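First comes the structure, then the notes that go with it.
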Amino acid sequence: MYQLWINPNEKKSKIRKEIYGHFSEHLGRCIYEGIFVGEDSSIPNEKGMRRDVVEALKELEIPVLRWPGGCFADEYHWKDGIGEKSQRKRMVNTNWGGVVEDNSFGTHEFMELCSQLGAQPYINGNVGSGTVQEMSEWVEYMTFDGVSPMAQMREANGRKEPWKVKYFGVGNESWGCGGSMRPEYYADEYRRYQTFCRNYGDNKLYRIACGPSEGDYHWMEVLMKNAAPLMDGISLHYYTVPDTWQKKGPATGFDEETWYRTLKKTLYMEELLTKHGAIMDRYDPEKRVGLIVDEWGTWFDVEEGTNPGFLYQQNTMRDALVAGINLNLFNKHSDRVHMANIAQLVNVLQSVILTEGEQMIKTPTYYVFRMFKKHMEAQLLHSHLQTETVGAGEWQVPHVTESASMDEKGAVTITLNNLSAQEACQVEVHLTDREVKRVEGEILSSCYTDYNTFEHPDQVKSCPYTDYEIRDGRLILNLPASSVLCVTVTA
Ligand code: AHR
Numbered sequence: 213m214y215q216l217w218i219n220p221n222e223k224k225s226k227i228r229k230e231i232y233g234h235f236s237e238h239l240g241r242c243i244y245e246g247i248f249v250g251e252d253s254s255i256p257n258e259k260g261m262r263r264d265v266v267e268a269l270k271e272l273e274i275p276v277l278r279w280p281g282g283c284f285a286d287e288y289h290w291k292d293g294i295g296e297k298s299q300r301k302r303m304v305n306t307n308w309g310g311v312v313e314d315n316s317f318g319t320h321e322f323m324e325l326c327s328q329l330g331a332q333p334y335i336n337g338n339v340g341s342g343t344v345q346e347m348s349e350w351v352e353y354m355t356f357d358g359v360s361p362m363a364q365m366r367e368a369n370g371r372k373e374p375w376k377v378k379y380f381g382v383g384n385e386s387w388g389c390g391g392s393m394r395p396e397y398y399a400d401e402y403r404r405y406q407t408f409c410r411n412y413g414d415n416k417l418y419r420i421a422c423g424p425s426e427g428d429y430h431w432m433e434v435l436m437k438n439a440a441p442l443m444d445g446i447s448l449h450y451y452t453v454p455d456t457w458q459k460k461g462p463a464t465g466f467d468e469e470t471w472y473r474t475l476k477k478t479l480y481m482e483e484l485l486t487k488h489g490a491i492m493d494r495y496d497p498e499k500r501v502g503l504i505v506d507e508w509g510t511w512f513d514v515e516e517g518t519n520p521g522f523l524y525q526q527n528t529m530r531d532a533l534v535a536g537i538n539l540n541l542f543n544k545h546s547d548r549v550h551m552a553n554i555a556q557l558v559n560v561l562q563s564v565i566l567t568e569g570e571q572m573i574k575t576p577t578y579y580v581f582r583m584f585k586k587h588m589e590a591q592l593l594h595s596h597l598q599t600e601t602v603g604a605g606e607w608q609v610p611h612v613t614e615s616a617s618m619d620e621k622g623a624v625t626i627t628l629n630n631l632s633a634q635e636a637c638q639v640e641v642h643l644t645d646r647e648v649k650r651v652e653g654e655i656l657s658s659c660y661t662d663y664n665t666f667e668h669p670d671q672v673k674s675c676p677y678t679d680y681e682i683r684d685g686r687l688i689l690n691l692p693a694s695s696v697l698c699v700t701v702t703a
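As structure tokens, then:
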């Protein structure tokens with residue numbers, strides 16, 4: 213039996229709700245079809261947004277949603293996406309399948325989506341192919357409270373009141389699809405662009421600089437050295453790819469070795485957070501600047517017969533474990549990680565929802581987000597878990613990973629992942645100076661290769677958790693193989 217010690221007297225950082233954020237790009241069937249079908253669609257919708265999808269997403273209490281990209285952001289010209297729809301300029305989405313983008317989903321539609329979801333918008337501006345003026349005017353258009361050229365244009369397009377926009381990204385992957393820049397050059401560009409992203413009225417922007425890809429510590433060093441005082445956050449992108457970028461492997465039908473290899477690779481996030489965090493600490497010891505992991509999740513080969521540029525993939529228990537592992541890591545590093553956005557919301561990469569025509573399914577990842585939401589805005593607690601490893605050779609991983617937090621009423625939420633494909637285990641939980649009195653829980657547990665399909669939408673779903681025992685004030689949890697558990701304990 214493994215031992216887990218949690219100290220409710222040792223409260224650490226606040227777990228900002230934004231860690232449970234999402235990302236929606238104009239990519240494949242994410243925005244169009246997955247979310248936005250237009251008001252004339254036969255699929256039930258509210259102002260063009262699919263009702264079924266919005267209803268399902270509302271249960272996740274999505275705190276923040278990033279848009280319009282991704283790589284798309286650095287080719288997006290926001291003025292093409294406002295005004296009378298039939299007059300909107302079309303463009304070719306060169307990054308994603310070369311399809312024609314009709315711009316029928318633009319700023320007003322995105323803000324409507326955020327309002328239906330109750331999510332804060334996170335807008336990603338265009339540095340790669342846009343101008344300073346264009347970015348500056350977008351901020352003015354969205355947030356200027358009063359009479360100004362952009363505010364008048366907004367009003368002419370049907371919106372008098374400014375929107376509240378806090379999170380604003382200045383370029384995306386500027387080292388790659390966002391302009392192939394060197395860090396020194398981008399740091400200067402960042403300084404220039406952000407200068408003209410103004411705070412209007414009481415709208416205060418949280419400016420996010422483009423940060424590194426994976427383990428590019430040089431990029432982080434240069435950005436922090438040259439621009440830290442001018443940013444509120446800096447991004448980090450890391451995708452979990454089981455094999456190589458050329459041959460990633462399928463989303464389903466994988467073997468046990470690939471399961472462990474994938475989980476081992478996702479655990480690399482821990483090293484990234486630690487090492488990037490250490491660089492940030494040297495320039496920002498107060499931890500004012502947030503590390504914004506605004507793209508993370510699994511990336512597999514696309515499903516057979518689908519457009520390779522659409523990045524459509526299935527989602528199994530392996531994705532659920534990837535989600536659980538990363539969310540626990542973000543919680544544990546919440547002193548520095550101020551936001552994270554899984555890629556992407558619907559029909560692209562590690563999605564919480566998949567759609568086909570008018571059908572919709574919730575993926576295993578969906579249930580993980582629904583269970584973990586209890587950590588939002590709670591206080592991280594010190595925890596220490598004694599566990600063995602599972603898996604073979606170089607793909608050994610801890611049998612169990614965990615994080616724990618306390619809400620304002622004093623309830624302790626513990627989330628645990630059993631990384632073994634085959635072995636169940638027991639965890640004994642000790643709460644310092646307290647005795648466990650009451651437990652409520654939810655578990656996601658299924659064979660490690662299981663997933664939901666449109667024919668069998670409920671093959672994998674979470675259910676109430678009862679397989680525990682309270683013994684002398686300690687809690688004994690039974691954790692099936694390949695499972696994600698959330699328990700809330702009153703002591
Ligand atoms: O999420 C898919 C793509 O991955 C994004 O557009 C880009 O930023 C990253 O390379």
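Number 541 in my numbering belongs to position 329 of the sequence shown; there are no gaps in the numbering.
In this text, a Cβ means the ideal position worked out from N, Cα and C, and glycines have one as well.
On a predicted model such as this, the values are computed, not experimentally measured, just so you know.
Asked	Found
Examine ligand 1 and report whether any of its heavy atoms sits within less than 7 Å of the Cβ of histidine 178.	What the structure shows of the chain is the stretch from 213 to 703, and residue 178 is not part of that stretch, so it cannot be assessed.
Under the criterion of a Cβ to heavy atom distance below 7 Å, does phenylalanine 522 qualify as lining ligand 1?	no
Grab me the residues of methionine 572's own chain with a C-beta within less than 8 Å of its C-beta, minus the 5 sequence neighbours each way, in chain order.	Arg262, Asp264, Val265, Ala268, Ile565 and Leu566
Does the Cβ of cysteine 675 have 16 or more other Cβ atoms within 10 Å, making it buried, or fewer, making it exposed?	exposed
What does DSSP give as the partner residue(s) for isoleucine 565 in the beta ladder?	Val558 and Lys574
Count the C-beta pairs between the region 485 to 496 and the region 429 to 446 that are closer than 8 Å, then say yes if the count reaches three, no if not.	yes
Of the choices Lys229, Gly388 and Glu313, whose alpha-carbon is the least far from that of isoleucine 243?	Glu313
Only counting the same chain, and skipping five residues up and downstream in sequence, which positions put a Cβ closer than 7 Å to that of glycine 536?	Val580, Thr627, Asn629 and Val696
Pull up the DSSP beta-bridge partners for arginine 646, would you.	Answer is none; arginine 646 lacks a bridge partner.
Just to check, is the beta-carbon of alanine 555 closer than 7 Å to a non-hydrogen atom of ligand 1?	yes
Of the choices Trp508, Cys698 and Pro669, whose alpha-carbon is the least far from that of glycine 653?	Cys698
Distance, Cα to Cα, phenylalanine 284 vs phenylalanine 466?	31 Å
Please tell me whether, using a cut-off of 7 Å, the distance from the CB of glycine 282 to the nearest non-hydrogen atom of ligand 1 is below it.	yes
Quick one, which of Ile247, Asn519 and Tyr663 has its alpha-carbon nearest glutamate 321's?	Ile247
Out of Gln526, Pro256, Ala331 and Met323, which has the shortest C-alpha to C-alpha gap to glycine 370?	Met323
Would isoleucine 227 and methionine 588 qualify as a contact pair, given that the criterion is a beta-carbon distance under 8 Å?	yes
Alpha carbon to alpha carbon, how far is alanine 532 from glutamine 299?	43 Å
Does valine 534 come out as helix, strand or coil in the three-state DSSP assignment?	helix
If distances are taken between C-alpha atoms only, which option among Cys422, Gly358, Leu417 and Lys372 comes closest to valine 382?	Cys422
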